[in-house]
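Q: In the UniProt record's numbering, the protein residues as written are 20 to 695.
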Amino acid sequence: PPRPPWRPGDGRVVRLAASRPSPTTRTSGGTSMTPRSDLRSAPGSPFAGAEGTPSRPPEPAAAERLAFWAREAGNLDWETPWSQVLDWTDAPFARWFTGGRLNVAHNCVDRHVEAGHGDQVAFHWEGEPGDTRTITYADLKREVCKTANALLSLGLSTGDRVAIQLPMIPEAVFAMLACARLGLPHSVVFGGFSPAALRSRIEDAGARLLITSDGQYRRGRAEPLKANTDEATRHTPSVEHVLVVRRTGTEVPWTEGRDLWWHDLVDAQPDEHRPESFDAEHPLFILYTSGTTGKPKGILHTSGGYLTQVAYTHRTAFDLAPDTDVYWCTADIGWITGHSYIVYGPLANRATSVMYEGTPNTPHQGRHFEIIERFGVSVYYTAPTLIRTFMKWGEHIPARYDLSSIRVLGSVGEPINPEAWRWYRTHLGAERAPIVDTWWQTETGAVMIAPVPGAAPAKPGSAQQPVPGISAKVVDDQGAEVGRGERGYLVLDQPWPSMLRGVWGDDERYRETYWARFAHLGYYFAGDGARYDEDGDIWLLGRVDDVMNVSGHRISTAEVESALVSYPAVAEAAVVGASDTTTGQAIVAFVILRGGVVRSAGDVTAALREHVAREIGPIAKPRQIMVVPELPKTRSGKIMRRLLRDVAEKREVGDVTTLADSSVMDLINAGLADSR
Ligand code: WT7
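And the structure:
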């Protein structure tokens, strides 16, 4: 087997567990990996032999994959080496790098300072109003240590959960890393989420601490945040303290004894803290994402495997050169992209990043390009929805700026349409920067499918191939791989280091959602449709379940429907994602009003849109709400969203033969024509 890349004498020795029988040769001295023996294959696991006998050595491809991941994990600092790369005996609950111990924050911060890079910039931060902060790795270490000491002073201990709802300010990064340093799983909640959404996430995780700010800048205005979080924490007895960053100077309600100012508590702390190591499988964070039901799922990620894969993919997908690149991921830390590609991946790789607080058109539509020019951004990672927005604003805007520093462009969140791809390539990439279309999910933790930048011939709209170490397939209903030129479901047929370890507090939901669909094969069902082209490259086709993708954000139809029916005037609601030229999909709702009200005044629908924004957050606001007398349902009572999508996208309505009452669509169409 290939030797690990770490240098001799650097102390990172990886031993094999002595107790297991080894079917392969083993180097004496304990310094090399023999992944084949490192793998226990379980009956029914994808690694099991043909007969499923646990004693059979796994197929060579699997052994090589594990050796590959062991090499990547070797790029991190481990306090205690792992004894086994993957333990899949309890599939689908994976354990990677078992027995290994490390500290994630040490790997993201301290080790770079110790290696003499303390003066390197970790973040060029820019606030929406134009204020800036430059944070070196040495600064970052001090701030993270102070924050960790502050959390300790509040009596938090390993395993306690911390909820974070903050704007895109450096304290958000300090808070996440301080949690990681202390083994406190964080649950970051996007700043645009409503008090109700925050409350349910705090409750589900049982968070003891909430970290927030007085307010946040949004489109040039200072908006309250603490006032919102107070509404949430009124009902969450688990929260003992609320730590508040002063950002906007907005006046805040204050609960004496519970609430603490960041600048009082954190700034008074010593700036040194010695990190302890945690098990590779210690929970790092929970991040909630929408599923097909109304209740968001707490996706659980752990430490060693997650950090290994985010660091590896960040380095390779963007071809990162830590000494020269200036990297900018435009996501919000409230989403997985922010966790993996603003915080953990780039910092593990000692990247210099840009972090921007505000919206792309505040105070003008050239804001992003101005930032790229000012900091010399060389790697820019954003979402197709923003590219389409730039297209709408016009190419004369980027043309005003010097964007020649750009070397690699990334895309994430939804399939990138070829028009947006070409525009991106021309107007940001000067016709030469490779575009890396990265497919992954909150659940996968890190990039799974992406072209190798510059190496693969460009295919506008295709994520192309699984990255080395990852295996993905497009399969039919039965799980058989489809042929070239054919469509099917995207599955991940082998476990991967940054895979979710479960749904917080709900093992059954984890099995049911991801592993039940192809249980006989042990495949992870991603929920996306895909096809192979004639070269065998993968093209993503969007979700196959009732999950919408609005501006790259996942929103479930059920979640919006339950928000709609919680409004007193609404009797029933059905929601679909209709294609939208800017946001990819847009939310279109069909509602039946109570008391036989068929037609509504526009103000009912306006009030309903506001209601949904209040219940979930502005991102869930329907683009359009249609009041209808009936909803199309099958005989078993299931709403036929396909037909509603036809209406929403103004198409001829498709096959209605499975409807319980086939005249319903005529009724809906007549009613809508009437009210238009
Ligand atoms: C869903 C996951 C991964 C961070 C952002 C969203 C869609 C994501 C792509 C892409 C086609 C994509 C999928 C996936 N998606 N990236 N490059 N091409 N589709 O994370 O909220 O967990 O959503 O986003 O449908 O299942 P998420």
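Ideal placement from N, C-alpha and C gives every residue a C-beta, glycine not left out.
Just so you know, these numbers come straight off a predicted model, no measurement behind them.
Cα-Cα, which of Val566, Asp674, Ala605, Asp622 is closest to Ala588?
A: The option with the nearest alpha carbon to Ala588 is Asp622.
Q: If we count the other Cβ atoms within 10 Å of its Cβ and call it buried at 16 or more, is Ala689 buried or exposed?
A: Ala689 is exposed by the Cβ-count criterion.
Q: Less than 7 Å separating the Cβ of Thr602 from some heavy atom of the ligand WT7?
A: Every heavy atom of the ligand WT7 is 7 Å or more from the Cβ of Thr602, so no.
Q: Mind checking Lys657: buried by the 16 CB within 10 Å criterion, or exposed?
A: Classification for Lys657: exposed.
Q: So the beta strand (DSSP E) Arg152 belongs to, where does it begin and stop?
A: First-last of the beta strand (DSSP E) with Arg152: 151 to 155.
Q: Under a Cβ-count criterion, where at least 16 other Cβ atoms within 10 Å of its own Cβ denotes burial, should residue 699 be classed as buried or exposed?
A: Missing from the structure shown is residue 699; the chain here goes from 20 to 695 and no further.
Q: Could you work out which residue in Ala418, Ile352, Val396 is closest to Arg426 when comparing CA atoms only?
A: Minimum Cα distance to Arg426 is reached at Val396.
Q: Would DSSP call Ala538 helix, strand or coil?
A: Of the three classes helix, strand and coil, the one that applies to Ala538 here is coil, per DSSP.
Q: Helix, strand or coil, according to DSSP, for Ala597 in the structure here?
A: In this structure, Ala597 counts as strand in the three-state DSSP scheme.
Q: Do Arg664 and Ala597 come within 8 Å of each other at the CB atom, strictly closer than that value?
A: Contact flag set, yes.
Q: Run the proximity test for His320: is its beta-carbon closer than 7 Å to any non-hydrogen atom belonging to the ligand WT7?
A: No, the beta carbon of His320 sits no closer than 7 Å to any heavy atom of the ligand WT7.
Q: Taking 7 Å as the cut-off, is the CB of Asp456 close to at least one heavy atom of the ligand WT7?
A: Yes, Cβ of Asp456 sits closer than 7 Å to a heavy atom of the ligand WT7.
Q: For Ala191, verify whether its CB is less than 7 Å away from any heavy atom of the ligand WT7.
A: It does not: the Cβ of Ala191 is nowhere closer than 7 Å to a heavy atom of the ligand WT7.
Q: Can you name, in chain order, every residue of its own chain whose Cβ lies under 6 Å from the Cβ of Glu580, other than the five neighbours on each side?
A: Cβ within range, chain order: Ala592, Val594.
Q: Roughly how many angstroms lie between the CA atoms of Gly541 and Pro302, to the nearest whole one?
A: Spanning the two alpha carbons is a distance of roughly 24 Å.
Q: Quick one: is Ser585 buried, meaning 16 or more other Cβ sit within 10 Å of its Cβ, or exposed?
A: Exposed, since its Cβ has fewer than 16 Cβ neighbours within 10 Å.
Q: Any idea which residues DSSP pairs Arg120 with across the strands?
A: Partner(s): Thr99, Asp298.
Q: Excluding the 5 residues flanking Ser490 on each side, which residues of the same chain have their C-beta closer than 6 Å to its C-beta?
A: Within the same chain, Ser490 has close Cβ partners Asp512, Gln513.
Q: Given 8 Å as the limit, is there contact between the region 332 to 349 and the region 371 to 381, that is, 3 or more CB pairs closer than that?
A: Counting Cβ pairs under 8 Å, three or more are found: they touch.
Q: Here's the rule: buried if 16 or more other CB atoms are within 10 angstroms of the residue's CB, otherwise exposed. What is Gly135?
A: Gly135 should be labelled exposed.
Q: Does chain D have any CB closer than 8 Å to the CB of Lys478?
A: The structure shown contains no chain D; it holds only a single protein chain.
Q: Looking at the unbroken beta strand (DSSP E) that takes in Thr401, where does it start and where does it end?
A: Its beta strand (DSSP E) spans residues 398 to 401.
Q: If we count the other Cβ atoms within 10 Å of its Cβ and call it buried at 16 or more, is His143 buried or exposed?
A: It counts as buried.
Q: Less than 8 Å between the CB atoms is what I'm expecting for His320 and Leu519, so what's the real figure, rounded?
A: Indeed they touch by this definition, with Cβ atoms about 6 Å apart.
Q: Taking contact to mean 3 or more Cβ pairs, one atom from each stretch, closer than 8 Å, check whether the region 170 to 189 and the region 495 to 510 are in contact.
A: No, the region 170 to 189 is not in contact with the region 495 to 510.
Q: Among residues of its own chain, excluding the 5 on either side of Lys492, which ones have a beta-carbon nearer than 6 Å to its beta-carbon?
A: Correct list, in chain order: Glu500, Val510, Asp512.
Q: Within 10 angstroms of its Cβ, does Pro289 collect 16 or more other Cβ (buried), or is it exposed?
A: Per the 10 Å Cβ criterion, exposed.
Q: How many angstroms separate the CA atom of Ile468 from the CA atom of Val362?
A: Near 20 Å, if we compare the C-alpha coordinates of Val362 and Ile468.
Q: What's the call for Asp298, buried or exposed, on a 16-neighbour Cβ count within 10 Å?
A: Answer is buried; the Cβ neighbour count reaches 16.
Q: Would you check whether the ligand WT7 has a heavy atom nearer than 7 Å to the C-beta of Ala477?
A: Flag unset: Cβ of Ala477 not near the ligand WT7.
Q: Should Thr481 be labelled buried (16 or more other beta-carbon atoms within 10 Å of its own) or exposed?
A: Rather than Thr, the amino acid found at residue 481 in this sequence is Ser. Ser481 should be labelled buried.
Q: Taking 8 Å as the cut-off, decide whether the C-beta atoms of Ala350 and Ser570 are in contact.
A: Their beta carbons are not under 8 Å apart, which means Ala350 does not touch Ser570 by this criterion.
Q: Across which residues does DSSP place Lys657 in a beta bridge pair?
A: Paired residues: none, contrary to the question.
Q: To the nearest angstrom, how far is the alpha carbon of Trp442 from that of Phe394?
A: Computed Cα separation, rounded: 22 Å.
Q: Consider the C-beta atom of Glu433 and the heavy atoms of the ligand WT7; say whether any pair is separated by less than 7 Å.
A: Checking every heavy atom of the ligand WT7 against the Cβ of Glu433, one is found closer than 7 Å.
Q: For Ala82, which option in Ala251, Gln103, Gly353, Asp526 has the closest C-alpha, if you only look at C-alpha atoms?
A: It is Gln103.
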